[in-house]
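**Q**
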Amino acid sequence: MSTATSMTTSASSRTYVEARDVATAVAAMSAGARPIAGGTDLVVGARHGKAPLPAALVGIHRIPGLADVAPTDGGGLRLGALVTHATLMADPTVLASYPGLADASAIVGSHATRANGTLGGNVMNSSPAMDTGAPLLCHGGVAVLVGPAGERRVALADLWTGPGRSTAAPDELLVAVELDAPPADGASGSSYVRLQYRRQMEIAIVGAGAVVTLGADGTVTGAKVAITALAPVIHRVAEAEAALVGTDGGFEAAKAAGAAAAAAARPISDVRGSADYRRAMAAVITRRAVLTAVRRARGESVPVPASDTTFGS
Ligand SMILES: Cc1cc2nc3c(=O)[nH]c(=O)nc-3n(C[C@H](O)[C@H](O)[C@H](O)COP(=O)(O)OP(=O)(O)OC[C@H]3O[C@@H](n4cnc5c(N)ncnc54)[C@H](O)[C@@H]3O)c2cc1C
23 MSTATSMTTS
33 ASSRTYVEAR
43 DVATAVAAMS
53 AGARPIAGGT
63 DLVVGARHGK
73 APLPAALVGI
83 HRIPGLADVA
93 PTDGGGLRLG
103 ALVTHATLMA
113 DPTVLASYPG
123 LADASAIVGS
133 HATRANGTLG
143 GNVMNSSPAM
153 DTGAPLLCHG
163 GVAVLVGPAG
173 ERRVALADLW
183 TGPGRSTAAP
193 DELLVAVELD
203 APPADGASGS
213 SYVRLQYRRQ
223 MEIAIVGAGA
233 VVTLGADGTV
243 TGAKVAITAL
253 APVIHRVAEA
263 EAALVGTDGG
273 FEAAKAAGAA
283 AAAAARPISD
293 VRGSADYRRA
303 MAAVITRRAV
313 LTAVRRARGE
323 SVPVPASDTT
333 FGS
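Throughout the sequence shown, residue numbering follows our numbering, covering 23 to 335 in sequence.
Written as structure tokens, this is what we have:
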């Protein structure tokens, strides 16, 4: 049985191949084709004149097994590259153990964007403003890439190198992202909050993700904090994490973490906000993300997406 169908899409020389397995996709990519999953970035961007569609495309959306959400042997979670944002924001395991990721997927674009847009497309865009990046980093995300030489695993912190740039080769297909098991040594909670001027069809002006673990007496025993749209790549902030460990996870501790995030930020000025404004908002948004993660770690219910309900905290 054939594992690919192909066609010429127009009078131009553009070609489209539809892969039905990973090997076919990788072979097409090795021959110069760009993978297309949901197309919400590639196709919509081309329509808006952001960048022309690549001359050769390989459709990956029908490859079996890449849309699965499944536990890993180590108690973590494996998210297939084709898992959509709509699936992520409603998946029971994600909501229970990785709610920060649900917070992020729930605010991507519109219903249509979330129904079609995939985790793999979001990750491989390597945008410093993409929403799943901070929670994926805080949950120990590892990219599973398959290329002509086989499979390799790259921590997401080592994948993104700048806006639109990554260490993945052009012929490496992302097949999954794997997340750490939730901390076993205490109660944990996570969150992702972004500054947005409207609820839908917005990109992050500033964003922050947090994972907090509490000991039996309520002291913060572990913390991970990552910031979005505040540097050429989404990254964790060790100083913000250190400001939380050993504290009660209250307002003053969250404020200190926010101040550390603002100090670590290297924002740009653009039409959405000046660098100074972004830096000031980094403190506020990080504080809200931390306080939300702490509330969830304490067992409080904070609805997804957290960005809609954490004003004023
Ligand atoms: C109206 C609108 C609103 C949006 N809002 C948001 C938002 O709020 N937050 C946000 O983060 N993003 C947003 N986006 C961007 C986009 O929807 C997401 O990044 C989405 O997750 C992309 O997934 P996709 O499957 O559609 O990617 P595609 O368009 O199919 O691909 C995107 C890029 O990733 C590459 N790629 C895709 N899959 C793989 C793979 N498995 N391996 C290797 N490379 C791959 C493609 O070659 C391409 O370069 C928005 C887009 C639109 C059009």
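The beta carbon of each residue, even a glycine, is placed where N, CA and C say it ideally should be. Nothing here was measured: the structure is a model prediction, and the numbers come from that model.
1) Can you find at least 3 beta carbon pairs, one from the segment 176–194 and one from the segment 282–290, that sit closer than 8 Å?
2) According to DSSP, PRO246 sits in a beta bridge with which residue or residues?
3) Which whole-angstrom value describes the C-beta separation of VAL247 and GLY229, a residue pair presumed to lie in contact below a C-beta threshold of 8 Å?
4) Roughly how many whole angstroms lie between the Cα atoms of MET152 and THR241?
5) On the three-state DSSP scale, how would you describe GLU322?
6) Using DSSP with H/G/I as helix, E/B as strand and the rest coil, what is GLY155?
7) With a threshold of 7 Å, establish whether the CB of ASP113 neighbours any heavy atom of ligand 1.
8) What do you reckon, is the C-beta of ASP125 under 7 Å from a heavy atom of ligand 1?
9) From which residue to which residue does the beta strand (DSSP E) around THR37 run?
10) Kindly indicate which residue of SER188, ALA276 and TYR38 has the alpha-carbon position closest to the one of SER149.
11) Give me the Cα-Cα distance between LEU64 and VAL197, rounded to the nearest whole angstrom.
12) Evaluate GLU194 with the Cβ neighbour count: other Cβ atoms within 10 Å of its Cβ, from every protein chain shown; 16 or more gives buried, anything less gives exposed.
13) CB GLY2 to CB GLY139, shorter than 8 Å?
14) Determine the DSSP secondary structure at GLY172, reduced to helix, strand or coil.
15) Around the C-beta of HIS133, are 16 or more other C-beta atoms found within 10 angstroms, so that it is buried, or is it exposed?
16) As an exercise, report each continuous beta strand (DSSP E) stretch of at least 3 residues that is fully enclosed by the segment 60–86, in chain order.
17) Going straight from the alpha carbon of THR250 to that of ALA49, what length do you get?
18) For GLY96, I'd like the list of residues in its chain whose CB is within less than 7 Å of its CB, leaving aside the five on either flank, ordered along the chain.
19) Which of the three DSSP states is assigned to ASP125 in this structure?
20) Quick check on the DSSP output: the beta strand (DSSP E) that includes LEU100 runs from which residue to which?
21) Could you tell me the distance, in whole angstroms, from the CA atom of THR106 to the CA atom of LEU75?
**A** According to the data block:
1) The segment 176–194, when compared against the segment 282–290, does not touch it at the 8 Å Cβ threshold.
2) Here residue 246 refers to the residue found at position 224 of the sequence shown. Sequence inspection shows Lys at residue 246; the Pro mentioned does not correspond to that position. Paired residues: VAL233.
3) Position 225 of the sequence shown holds residue 247. Position 207 of the sequence shown holds residue 229. Going by Cβ atoms, the distance from VAL247 to GLY229 rounds to 11 Å, so no, they are not a contact pair.
4) Walking along the sequence shown from the start, residue 152 turns up at place 130. Walking along the sequence shown from the start, residue 241 turns up at place 219. Cα to Cα, MET152 sits roughly 31 Å from THR241.
5) Residue 322 sits at position 300 when you count from the first residue of the sequence shown. DSSP places GLU322 in coil when its eight states are reduced to three.
6) Sequence index remark: in the sequence shown, residue 155 carries index 133 (1-based). DSSP places GLY155 in helix when its eight states are reduced to three.
7) Counting from 1 along the sequence shown, the entry for residue 113 is found at position 91. Flag unset: Cβ of ASP113 not near ligand 1.
8) Residue numbering aside, residue 125 sits at position 103 when the sequence shown is read from its first letter. Remark: the C-beta of ASP125 is outside contact range of ligand 1, defined as less than 7 Å to any heavy atom.
9) Numbered from its first residue, the sequence shown carries residue 37 at position 15. For THR37, the enclosing beta strand (DSSP E) has its first and last residue at 37–41.
10) What you label residue 149 is simply residue 127 of the sequence shown in a count that begins at 1. For the residues SER188, ALA276 and TYR38, the minimum Cα distance to SER149 belongs to SER188.
11) The sequence position of residue 64 within the sequence shown is 42, counting from 1. The sequence position of residue 197 within the sequence shown is 175, counting from 1. It is roughly 18 Å from the alpha-carbon of LEU64 to the alpha-carbon of VAL197.
12) Numbered from its first residue, the sequence shown carries residue 194 at position 172. So GLU194 counts as buried.
13) Shown here, the chain extends from 23 to 335; a query on residue 2 therefore has no answer.
14) Within the sequence shown, the letter at position 150 stands for residue 172. Here GLY172 sits in strand by DSSP.
15) Within the sequence shown, residue 133 is the residue found at index 111, counting from 1. When all chains shown are included, HIS133 counts as exposed.
16) 78–81
17) Residue mapping note: residue 250 aligns to position 228 of the sequence shown, counting from 1. Residue mapping note: residue 49 aligns to position 27 of the sequence shown, counting from 1. Answer to the nearest angstrom: the Cα atoms are 34 Å apart.
18) Counted from its first residue, the sequence shown places residue 96 at position 74. So the qualifying residues of the chain are ALA203.
19) Translated into the one-based positions of the sequence shown, residue 125 becomes position 103. In the structure shown, ASP125 sits in a helix (DSSP, three-state: H, G or I).
20) Within the sequence shown, residue 100 is the residue found at index 78, counting from 1. The amino acid at residue 100 is misidentified as Leu; the sequence shows Arg. Where ARG100 is concerned, the enclosing beta strand (DSSP E) stretches over 99–102.
21) Locating residue 106 in the sequence shown gives position 84, counting from the first residue. Locating residue 75 in the sequence shown gives position 53, counting from the first residue. THR106 and LEU75: Cα-Cα distance of roughly 22 Å.
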